[in-house]
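Number of protein chains: 2
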Amino acid sequence: MNKQLLKIIKIGGNVINDEIALTSFLKDFASVEGPKILVHGGGKKATDVSSAMGLVPQMINGRRVTDEATVEVVTMVYAGLLNKKIVAQLQQFNCNALGLSGADGNCILAHKRIVNDVDYGFAGDVDAINTDFINVLLQNNVTPIFCAITHDKKGQLLNTNADTIVSEVAIGMSKLYDTELNFVFELKGVLKSIEDKNSVISHINQVTYKELIDNGIIADGMLPKIHNCFNALEKGVGKVKIGDASLVKNNNKLYTTLSLK
Amino acid sequence: MNKQLLKIIKIGGNVINDEIALTSFLKDFASVEGPKILVHGGGKKATDVSSAMGLVPQMINGRRVTDEATVEVVTMVYAGLLNKKIVAQLQQFNCNALGLSGADGNCILAHKRIVNDVDYGFAGDVDAINTDFINVLLQNNVTPIFCAITHDKKGQLLNTNADTIVSEVAIGMSKLYDTELNFVFELKGVLKSIEDKNSVISHINQVTYKELIDNGIIADGMLPKIHNCFNALEKGVGKVKIGDASLVKNNNKLYTTLSLK
C-alpha cells in the first residue's frame, strides 16, 4: 500500500539568524503541500541572551556544556522566542503551525547524556518519538514546529542536537508515512570542491558515499551530517535532500539527494 | 443532554514564583480527573530577565507598556521557560500536558489594543478561541497549558492578560462542555474582612454580588476580577470558584463559588 508523503525539514542558524531569509523561507515552507514538519536549531540569539545576562559559556574539549543556567536560556530562546516567532509568521502565511518542545505531548522522550569522561550537563539523547500524537496533529492539518529541547519525563528539560531530533522524528514517522527528510544549510548541497559553491553532487548512494569519504570529498563537519542521513535512510526514511533555503521550492533543481541505492 | 465536565484553572504569580508551591500545585492539578486546561500568568521571572538584560520597564498611568523588547522577553519567559517547565513537571506526574501560546494551532486570536489616549504597545485583546482544535487535544487526553501570549495572525505576538485568556477559553469551551472555571490566587477566597484570612464568603450570586459591592466588601483589585467572573457566567460558563492553591484538591472546602443564581 502506498503511504502518504510527509516532508520533515530542518533549518539551522544560517536561516534563523537572518530575519529576511527566515521570513522568505517560512513563506516557501508554508506553501509546501501535504503534511509537513519543521525542526529548527538555535542560532546566535541564545548566545546574545546569555551574554546579556552575564553567563559565561562553559566549554570542555571544544564542546559546550549545558549547565542549569544555560538550559534555562536555551529553553527561553528556542522554545519561547524563536519557536513562537516562527509559529506566528507561519500562521500569517496560512500554515496552521503549532510549536513543540519534546516535553509537549511527550513528543520526544530523551535521557541526560551518560557521563563517561565528560559531563556535558543537561544535554539529551533521544529515546522515543510519540508518533501517534504527532500523527493526530498532522491528520488535523496542523504543522508541528519542533525546537531542539527534549525532556526526560522526570521533570528535566534537555538541550538536544537538532540534526538528531529531525532524524529521529523522520525515522519514527516512517512507520506511518513515506518520509522525505530535508536539511537546509548554508551551501547548495554536498560539494565536489569547497572552492566551487555550485559543484553540487546531485546524488549520493551507499556505494558512492564510501568513495566520497575515501577521496576526502566528504570530510570534517560534513562527515557526521552525512552519517546521520544514512542512518535515517537505513532506519526507514525514504529520501534525504541537502541544500540551501531554496530546497523547499518546487522549482529548485540544485541540491544533493541521498538514498540507499 | 448532559455535557462532560471540563475544568479550566488559572494560576498567577504567587504560585509561579515559589518553586515548591508550584510543584505541589502541579501534583494536585495532575491528579484532577477528567478533561482540564491550565492557564498561567507571568510572575517575577520576566522582570528578573528584563533587568538582567538591562531593559527599563515603560509605564504609563501605572500600567506597563509592552514595547518590542518587552514582548520578546515575555515570549521567552512565559511561552518558553515557565510554560515548558510546567509541562515537563506535569509529564513527570503523568499528566500529558502540551504547552501553547495563542499562536500555536491558532488557539487564541487577538488584536493589538486600539490606541485611544494611550498606546500600550504589543498588548492583545482577545477576538476568538479555536475551540474545535482545543477539543481535539482534550479528546486525545492531552491537557492544554496556556501562557498569556496571543497573536494577531499578521505575524505579531501580543502580551495578554491571563485572567482574560482563562475567561475567554472557558466561555468558548462552554459550547462543547459543562465548564468550571477556577481562579487560584493568594487568598482562600473572597473575604468578608481583609483582616481575617479565613472569613471566606462561600457563595456569591448576582444579587449578593451587588450587595457586596454596595457594602464595599468587593472593592479595589477584587472588582475587575469578580466582574470578569460574572461576565464568564453570563456567557455560558457553568460555575466559577476562587481560592488558594488547595482549590484543586478534592477535599478542600474553603473557597468562594460564584454562580448567576
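So the protein sequences, as listed, match chains A and F. Residue numbering for the first sequence follows full-length UniProt numbering, starting at 1 and increasing by one per position. Residue numbering for the second sequence follows full-length UniProt numbering, starting at 1 and increasing by one per position. The C-beta atom is built at its ideal place from N, Cα and C for all residues, glycine as well.
Just reading off the beta strand (DSSP E) that residue i is part of, what are its end residues?
{"i": "Q139(F)", "result": "Here Q139(F) belongs to no beta strand (DSSP E); instead the alpha helix (DSSP H) covers T131 to Q139."}
{"i": "A110(F)", "result": "I108 to K112"}
{"i": "A97(A)", "result": "A97 to L100"}
{"i": "D178(A)", "result": "D178 to V184"}
{"i": "L5(F)", "result": "L5 to I11"}
{"i": "K239(F)", "result": "K239 to G243"}
{"i": "N2(A)", "result": "From DSSP, N2(A) is part of no beta strand (DSSP E); its letter is neither H nor E."}
{"i": "I145(F)", "result": "T143 to F146"}
{"i": "L258(A)", "result": "T256 to L258"}
{"i": "K36(A)", "result": "K36 to H40"}
{"i": "V65(A)", "result": "R63 to V65"}
{"i": "I149(F)", "result": "I149 to H151"}
{"i": "L158(F)", "result": "L157 to N159"}
For residue i, which residues in the same chain have their Cβ closer than 6 Å to its Cβ, ignoring the five residues on either side in sequence?
{"i": "N252(F)", "result": "S246"}
{"i": "S193(F)", "result": "S199"}
{"i": "F93(A)", "result": "K27 and A30"}
{"i": "F183(F)", "result": "K10 and I242"}
{"i": "H203(F)", "result": "T257"}
{"i": "residue 272(A)", "result": "In the structure as shown, chain A begins at 1 and stops at 261. Residue 272(A) is therefore absent and cannot be evaluated."}
{"i": "L138(A)", "result": "P35"}
{"i": "L6(F)", "result": "P35, M173, Y177 and T179"}
Excluding the 5 residues flanking residue i on each side, which residues of the same chain have their C-beta closer than 7 Å to its C-beta?
{"i": "K44(F)", "result": "G13 and N17"}
{"i": "I217(A)", "result": "K192"}
{"i": "G189(F)", "result": "V200, I201, I242, G243, L254, Y255 and T256"}
Under DSSP, the alpha helix (DSSP H) around residue i begins and ends at which residues?
{"i": "Q58(F)", "result": "Element bounds for Q58(F): not the alpha helix (DSSP H) but the beta strand (DSSP E), Q58 to I60."}
{"i": "E211(A)", "result": "Q206 to D214"}
{"i": "E234(A)", "result": "M222 to E234"}
{"i": "D48(A)", "result": "K45 to A52"}
{"i": "V74(A)", "result": "E68 to V74"}
{"i": "T164(A)", "result": "A162 to M173"}
{"i": "F29(A)", "result": "E19 to A30"}
{"i": "N83(F)", "result": "N83 to Q92"}
Relative to the alpha-carbon of residue i, which residue among the options has its alpha-carbon at the smallest distance?
{"i": "L187(F)", "options": "Y255(F), N159(F) and K175(F)", "result": "Y255(F)"}
{"i": "A103(F)", "options": "K27(A), Q58(A) and T143(A)", "result": "T143(A)"}
{"i": "A128(F)", "options": "V136(F), I171(F) and F93(F)", "result": "I171(F)"}
{"i": "D28(F)", "options": "G42(F), G41(F) and I11(F)", "result": "I11(F)"}
{"i": "G221(A)", "options": "L233(A), K175(A) and D163(A)", "result": "D163(A)"}
{"i": "I242(F)", "options": "H227(F), G236(F), L258(F) and E234(F)", "result": "L258(F)"}
{"i": "E72(F)", "options": "D196(A), K85(A), K7(A) and E68(A)", "result": "K85(A)"}
{"i": "L82(F)", "options": "L98(F), V115(F) and L181(F)", "result": "L98(F)"}
{"i": "C95(F)", "options": "E168(F), I226(F) and L38(F)", "result": "L38(F)"}
{"i": "N161(A)", "options": "D214(A), M53(A), S101(A) and L5(A)", "result": "S101(A)"}
{"i": "residue 280(F)", "options": "Q89(F), S50(F) and L233(F)", "result": "Chain F is shown from 1 up to 261; residue 280(F) falls before or after that span and cannot be answered."}
{"i": "K36(F)", "options": "D244(F), V248(F) and N130(F)", "result": "V248(F)"}
{"i": "M59(F)", "options": "V49(F), T70(F) and M53(F)", "result": "T70(F)"}
{"i": "Q206(F)", "options": "L260(F), P224(F) and K154(F)", "result": "L260(F)"}
{"i": "L109(F)", "options": "G54(F), D117(F) and T131(F)", "result": "T131(F)"}
{"i": "D67(A)", "options": "G34(A), G41(A), A52(A) and R113(A)", "result": "R113(A)"}
{"i": "T47(A)", "options": "P57(A), G41(A) and H40(A)", "result": "P57(A)"}
{"i": "residue 309(A)", "options": "C147(A), L55(A), L223(A) and G34(A)", "result": "The question about residue 309(A) has no answer here: the residues shown for chain A are numbered 1 through 261."}
{"i": "F185(A)", "options": "D119(A), I226(A) and E234(A)", "result": "I226(A)"}
{"i": "I165(F)", "options": "N250(F), Y209(F), V126(F) and N116(F)", "result": "V126(F)"}
{"i": "V118(A)", "options": "K210(A), R63(A), I145(A) and G155(A)", "result": "R63(A)"}
{"i": "V169(F)", "options": "G155(F), K153(F) and I145(F)", "result": "I145(F)"}
{"i": "Y209(F)", "options": "G155(F), F25(F), E195(F) and P224(F)", "result": "P224(F)"}
Taking residue i and residue j to be in contact with their CB atoms under 8 Å, please state how far apart those CB atoms are, rounded to whole angstroms.
{"i": "Q91(A)", "j": "H111(F)", "result": "Actually they do not touch by this definition, with Cβ atoms about 14 Å apart."}
{"i": "G121(A)", "j": "V65(A)", "result": "5 Å"}
{"i": "L22(A)", "j": "V15(A)", "result": "6 Å"}
{"i": "A79(F)", "j": "G124(A)", "result": "That pair is no contact at about 20 Å."}
{"i": "N140(F)", "j": "F133(A)", "result": "7 Å"}
{"i": "L158(A)", "j": "V240(A)", "result": "Contact flag wrong, Cβ pair sits at about 25 Å."}
{"i": "I149(F)", "j": "V74(F)", "result": "7 Å"}
{"i": "M53(F)", "j": "M53(A)", "result": "6 Å"}
Tell me which residues share the same chain as residue i and place their Cβ nearer than 8 Å to its Cβ, disregarding the 5 neighbours each side in the sequence.
{"i": "N2(A)", "result": "D178"}
{"i": "A219(A)", "result": "I213"}
{"i": "S167(F)", "result": "L181, N228, C229, N231, A232 and V237"}
{"i": "L55(F)", "result": "A69, T70 and V73"}
Note to self: If the cut-off is 9 Å on Cβ atoms, which residues from the region 157-173 of chain A count as contacting chain F, listed in chain order?
What the structure shows: Those residues of the region 157-173 of chain A that come within reach of chain F (Cβ to Cβ, closer than 9 Å) are L157.
Margin query: Along the region 66-81 of chain F, where does the CB come closer than 7 Å to a CB of chain A? Name the residues.
Written below: The residues in question are E72, T75, M76, V77, A79, G80 and L81.
Next item on the list: Residues of the region 94-119 of chain F with a CB closer than 7 Å to any CB of chain A: list them in chain order, please.
Entry: N96, L98, G99, S101, A103, D104, G105 and N106
Item checked: Interface positions of the region 136-150 of chain F facing chain A (Cβ-Cβ less than 8 Å), listed along the chain -> Listed by position, the residues of the region 136-150 of chain F near chain A (Cβ gap below 8 Å) are V136, N140, V142 and I149.
Next item on the list: Closer than 8 Å, Cβ to Cβ, to anything on chain A: give me those residues from the region 12-35 of chain F, in chain order.
Entry: none
Item checked: Chain-ordered residues of the region 36-62 of chain A with a beta carbon less than 9 Å from chain F -> V49, A52, M53 and G54
Margin query: Output needed in chain order: residues of the region 219-230 of chain F with a Cβ under 8 Å from some Cβ in chain A.
Written below: Cβ contacts with chain A come from no residue of the region 219-230 of chain F.
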